[in-house]
């Protein structure tokens with residue numbers, strides 16, 4: 002198993018995108034009293050606490066960097082994702098994976114918008130993918146064949162959509178609503194229609210990301 006980690010400002014995050022330490026912490030919290038201070042925990046529990054909060058802090062910094070990059074690269078990322086989503090305690094595995102998947106989707110979109118070879122992208126390796134944007138050798142690398150590219154697109158779509166579509170309307174995050182522009186049509190829209198529209202947006206995000214890639218590479 003790859004134990005390599007990236008340091009994001011100060012907190013560290015696994016290079017292979019394995020954030021199971023945070024999921025383990027979520028399960029641990031479900032059987033412990035919330036609000037216990039770190040100093041009151043056992044040595045093993047402190048280790049669990051530190052690993053989880055290191056991951057969440059690193060993801061928060063990464064989400065902030067992605068937002069800055071999107072601004073300066075003039076790239077409109079497909080998912081609303083804020084650094085604040087990783088601040089504080091996330092209460093379920095499903096919500097955590099959903100937040101990470103949104104961040105990964107935005108990073109993949111930035112990679113493709115900057116001409117990164119799709120064969121270099123690994124769906125779940127958050128920081129490794131982000132660093133590809135700054136690696137000129139990746140853009141100069143010989144491209145894979147059209148058939149290979151189509152297979153890679155399908156694989157990435159399948160992998161990343163699994164966690165993005167795992168949240169239904171009742172599980173959606175409050176953070177999402179902070180970024181939604183409200184128009185007259187939205188005000189007049191019924192709750193049922195709004196819920197249906199949100200699910201449609203989640204279901205179609207992958208198409209919007211990869212349609213950009215297909216356009217950039219001349220595919221139909």
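In this note's numbering, the protein residues as written are 2 to 221. Built from N, CA and C at the ideal position, the CB exists for glycine as well.
For the alpha helix (DSSP H) that residue 7 lies in, which residues bound it at each end? Following the DSSP letters along the chain, one finds residue 7 in no alpha helix (DSSP H) but inside the beta strand (DSSP E) bounded by residues 6-8.
Cutoff 7 Å; reference residue 80; Cβ partners in own chain excluding five residues on either side: The beta carbon of residue 80 sits closer than 7 Å to the beta carbons of 103, 106, 107 and 206 from its chain, once the five residues preceding and following it are set aside; these are given in chain order.
DSSP beta-bridge partners for residue 14? BP columns for residue 14 point to 7.
To the nearest whole angstrom, what separates the beta carbons of residue 99 and residue 165, a pair I think is in contact under 8 Å? About 7 Å separates the two Cβ atoms, so the contact holds.
Member of 31, 136, 42 and 12 whose CA lies at the smallest distance from the CA of residue 118: Taking only the C-alpha atoms, the option nearest residue 118 is 136.
Unbroken alpha helix (DSSP H) runs of length 4 or more, entirely within the segment 19-75: which are they? Fully contained in the segment 19-75 are the following alpha helix (DSSP H) runs of length 4 or more, in chain order: 21-30 and 44-73.
Segment limits, alpha helix (DSSP H) that includes residue 100: That run of the alpha helix (DSSP H) goes 94-114.
CB-CB under 7 Å to residue 5, same chain, minus the five flanking residues each way: which ones, in chain order? Closer than 7 Å at Cβ, skipping near neighbours: 16.
Out of 45, 59, 19 and 48, which one is the CA nearest neighbour of residue 8? When each option's Cα is compared against that of residue 8, the closest is 59.
Apart from the five residues just before and just after residue 22, which ones in its own chain have a Cβ nearer than 7 Å to its Cβ? Answer for residue 22: 52, 53 and 56, listed in chain order.
Could you tell me the boundaries of the alpha helix (DSSP H) in which residue 130 lies? First-last of the alpha helix (DSSP H) with residue 130: 127-133.
Presumed contact (8 Å Cβ cut-off) between residue 113 and residue 67, rounded CB distance: In this structure residue 113 does not touch residue 67 by the C-beta definition: roughly 14 Å separates them, more than the 8 Å allowed.
Short Cβ contact (9 Å threshold) for residue 14 with residue 92: When the beta-carbon positions are compared, residue 14 and residue 92 stay at least 9 Å from each other.
Go ahead and label residue 85 buried or exposed: buried means 16 or more other beta carbons lie within 10 angstroms of its beta carbon, across all protein chains shown. Exposed: under 16 other Cβ atoms inside 10 Å.
Beta-carbon proximity check, residue 128 vs residue 161, cutoff 9 Å: No; because the gap between Cβ atoms is not below 9 Å, this pair is not in contact.
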